[in-house]
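Reading the sequence shown from the start, the letters are residues 1 to 311 in our numbering. Have a look at the structure below before the remarks.
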Amino acid sequence: MKIAIMGAGGVGGYFGGLIARAGMDVIFIARGPHKEAINRDGLTVESGLKGQFNVSAKATDDTVSLGHVDLVIFTVKMYHNSAAIETVRPMVGPDTIVLTLQNGIDNGDQLSTAFGKEKVMVGMAVVQARIEKPGVVAQLGHLGSVTFGEIEGGITSRGQQLRELFAQADWSVELTDNAMRALWRKFIYLTGSAGVNAVTQITYGEMRTLPETRALIINAWREIVDVARAKGADIGDDIIPWCETSLDSFAADGMTSLGNDFRAGRPVELEGLTGTVVRMGAEVGVPTPIHSTIYALLKPAALRIESNLSK
1 MKIAIMGAGG VGGYFGGLIA RAGMDVIFIA RGPHKEAINR DGLTVESGLK
51 GQFNVSAKAT DDTVSLGHVD LVIFTVKMYH NSAAIETVRP MVGPDTIVLT
101 LQNGIDNGDQ LSTAFGKEKV MVGMAVVQAR IEKPGVVAQL GHLGSVTFGE
151 IEGGITSRGQ QLRELFAQAD WSVELTDNAM RALWRKFIYL TGSAGVNAVT
201 QITYGEMRTL PETRALIINA WREIVDVARA KGADIGDDII PWCETSLDSF
251 AADGMTSLGN DFRAGRPVEL EGLTGTVVRM GAEVGVPTPI HSTIYALLKP
301 AALRIESNLS K
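Structure (C-alpha cells):
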C-alpha cells in the first residue's frame, strides 16, 4: 500500500514515523526546512511511548509527480484545509482512501465535498506531539492513540484492512462502528479545554488543579454538550466524566496546541474550535456565553497573528 502523510507536523510525523519504521511505503508531504531535513537526515521521532528512533523517509511538496496513492492520512491544521485539499487532489484516484485525523468536527464534510464521501474516513488522534526542530518530532507523555471509522458508521472491509495495517505499524488503534460519536466526544473535550487554556496560558496541571479554572472548563464542555444534543449528535451519557478523565491524562507541564500556538504567534485553529461552537449554537438556538466570551477575547490576538504573518 502506498501511503501519503498530508502534514508532517506532530500528529503526522509521529504516526507516519511509526509507519515508516515498520518498513511500509510512505511519503511525507512537507515543505521548507522540515522537508529538507527529512530528506537529508531522515525523520527522528522522540517518543515517550516508543522511545527515540530515526527512519529513512522521503518528503516532498510536489504531489503531481507522485501520482495516485492508496491512502492519504490528512493531518494538517484546519485553517490549511482548502490549500491542502488542492495539494492532495493529484494523489487521489478512484480507489484512494482519505483519512482525516484532525481536530474539529466538520473536516470529513469538507473532504467529502472535495473527493466524494465514498473516499473519506474520519478519525481522531489523542496525542501530545509537536515539531521540535526541522526533521525532529516529539510525542510527549503516555497518550498516542487513534480511533477511526466510516462517516456513515458501521465496520467495513477497508476499515478492517487499515486497522491491521496500523496495528502492524505499532499504532494504538481502534476501529469503531460509530466514528462520528468519537469525533464529537473529542471535539467537546478539546474545544472546552483548549479555549480556556488559550486565554489563561497555564499548564494542564494548573488548569485541572485550580478549582475555579476546572469548573470553568467543565461548564464550557456542558455548553458544547447542549449544542451537540440540539444537533442530534450521539455523544453518550458519560461525556463529562470522560472529558475529566481526559483532562487528567495529559502531561502536567504541557499545554493544548491552541494555547501553544497563541503563545508562539503561530496560526491558530480558533475558528475551527471555539468559533464553530459559537456558530453552531446560534444555528440551533443554544446560548454559548462561555465560548462567545472566549472567542471575543481571543479573536483580536488571532487577527494580530494573521496580520503579522502576512507582512
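Think of the CB as a built atom: it goes at the ideal place given N, C-alpha and C, for glycine as much as any other residue. Keep in mind it's a predicted model, so treat the numbers as computed, not measured.
Span separating the alpha-carbon of residue i from that of residue j
i, j, result
"Glu-244", "Asp-106", "24 Å"
"Met-280", "Val-69", "35 Å"
"Ala-4", "Ile-73", "6 Å"
"Thr-156", "Phe-187", "24 Å"
"Thr-213", "Tyr-204", "11 Å"
"Ile-97", "Leu-71", "5 Å"
"Met-255", "Leu-99", "26 Å"
"Ala-302", "Ala-252", "26 Å"
"Arg-218", "Val-64", "According to the sequence shown, residue 218 is Ile rather than Arg. Each residue's alpha carbon lies about 46 Å from the other."
"Ala-20", "Phe-250", "26 Å"
"Leu-165", "Gly-159", "10 Å"
"Leu-216", "Trp-242", "16 Å"
"Val-92", "Leu-162", "17 Å"
"Ser-257", "Asp-226", "25 Å"
"Glu-206", "Leu-49", "24 Å"
"Tyr-39", "Gly-32", "The question names Tyr, yet the displayed sequence has Asn at residue 39. Whole-angstrom Cα-Cα distance: 11 Å."
"Leu-247", "Pro-94", "40 Å"
"Leu-101", "Lys-311", "31 Å"
Expected contact under 8 Å - CB spacing of residue i and residue j to nearest Å
i, j, result
"Val-146", "Trp-171", "6 Å"
"Ile-85", "Ala-114", "5 Å"
"Ala-30", "Asp-62", "No, Ala-30 and Asp-62 are not in contact; Cβ-Cβ is about 11 Å, not under 8 Å."
"Tyr-14", "Val-173", "Actually they are not in contact, since the Cβ atoms of Tyr-14 and Val-173 sit about 13 Å apart, beyond 8 Å."
"Thr-191", "Leu-273", "4 Å"
"Ala-22", "Ala-169", "4 Å"
Close Cβ partners of residue i (< 7 Å) along its chain, the five nearest in sequence each way excluded
i, result
"Gly-265", "Ile-305 and Asn-308"
"Asn-103", "Met-78, Leu-190, Glu-269, Gly-272 and Leu-273"
"Leu-143", "Val-126, Val-127, Gln-128, Ser-249 and Phe-250"
"Lys-231", "Met-280 and Val-284"
"Leu-175", "Phe-148, Gly-149, Ile-155, Gly-159, Gln-160 and Arg-163"
Opposing strand residues paired with residue i [DSSP bridges]
i, result
"Ala-59", "Phe-28"
"Phe-74", "Met-6 and Thr-100"
"Val-123", "First, the residue type needs correcting, since residue 123 is Gly and not Val in the sequence shown. DSSP lists Phe-148 as partners of Gly-123."
"Ser-47", "Gly-51 and Gln-139"
"Ala-129", "Gln-139"
"Glu-350", "Beyond the ends of the chain as shown, which are 1 and 311, falls residue 350; an answer cannot be given."
"Val-69", "Val-92"
Own chain, CB closer than 8 Å to residue i, minus 5 neighbours either side, in chain order
i, result
"Ile-151", "Gly-108, Ser-112, Lys-117, Val-120, Met-121, Val-122, Ala-179 and Met-180"
"His-34", "Ala-8, Ala-59, Ile-131, Pro-134 and Gly-135"
"Arg-222", "Ile-240"
"Met-1", "Met-24, Asp-25, Asp-70, Leu-71 and Leu-165"
"Gly-153", "Asp-177, Asn-178, Ala-179 and Met-180"
8 Å Cβ cutoff, residue i in contact with chain C
i, result
"Ala-83", "Protein chains in the displayed structure number just one, and chain C is not present."
Residues of its chain near residue i, where Cβ-Cβ distance is below 6 Å and the 5 sequence neighbours each way are ignored
i, result
"Leu-297", "Val-199"
"Ser-292", "Val-278"
"Ser-42", "According to the sequence displayed, residue 42 carries Gly and not Ser. So the qualifying residues of the chain are Asn-54, Val-55, Ser-56 and Ala-57."
"Ala-228", "Trp-184 and Ile-235"
"Gly-12", "Ile-5 and Thr-75"
"Thr-288", "Glu-223, Val-277, Val-278 and Gly-281"
"Gly-67", "none"
"Ala-182", "Met-124, Thr-147 and Thr-176"
"Gly-141", "Gly-48, Gln-128 and Ala-251"
"Thr-87", "Thr-63"
Q | Meets three-Cβ-pair contact criterion under 8 Å: the stretch 196-203 and the stretch 247-267 | A | yes
Q) How do the stretch 46-59 and the stretch 22-29 stand: do at least 3 beta-carbon pairs fall below 8 Å, yes or no? A) yes
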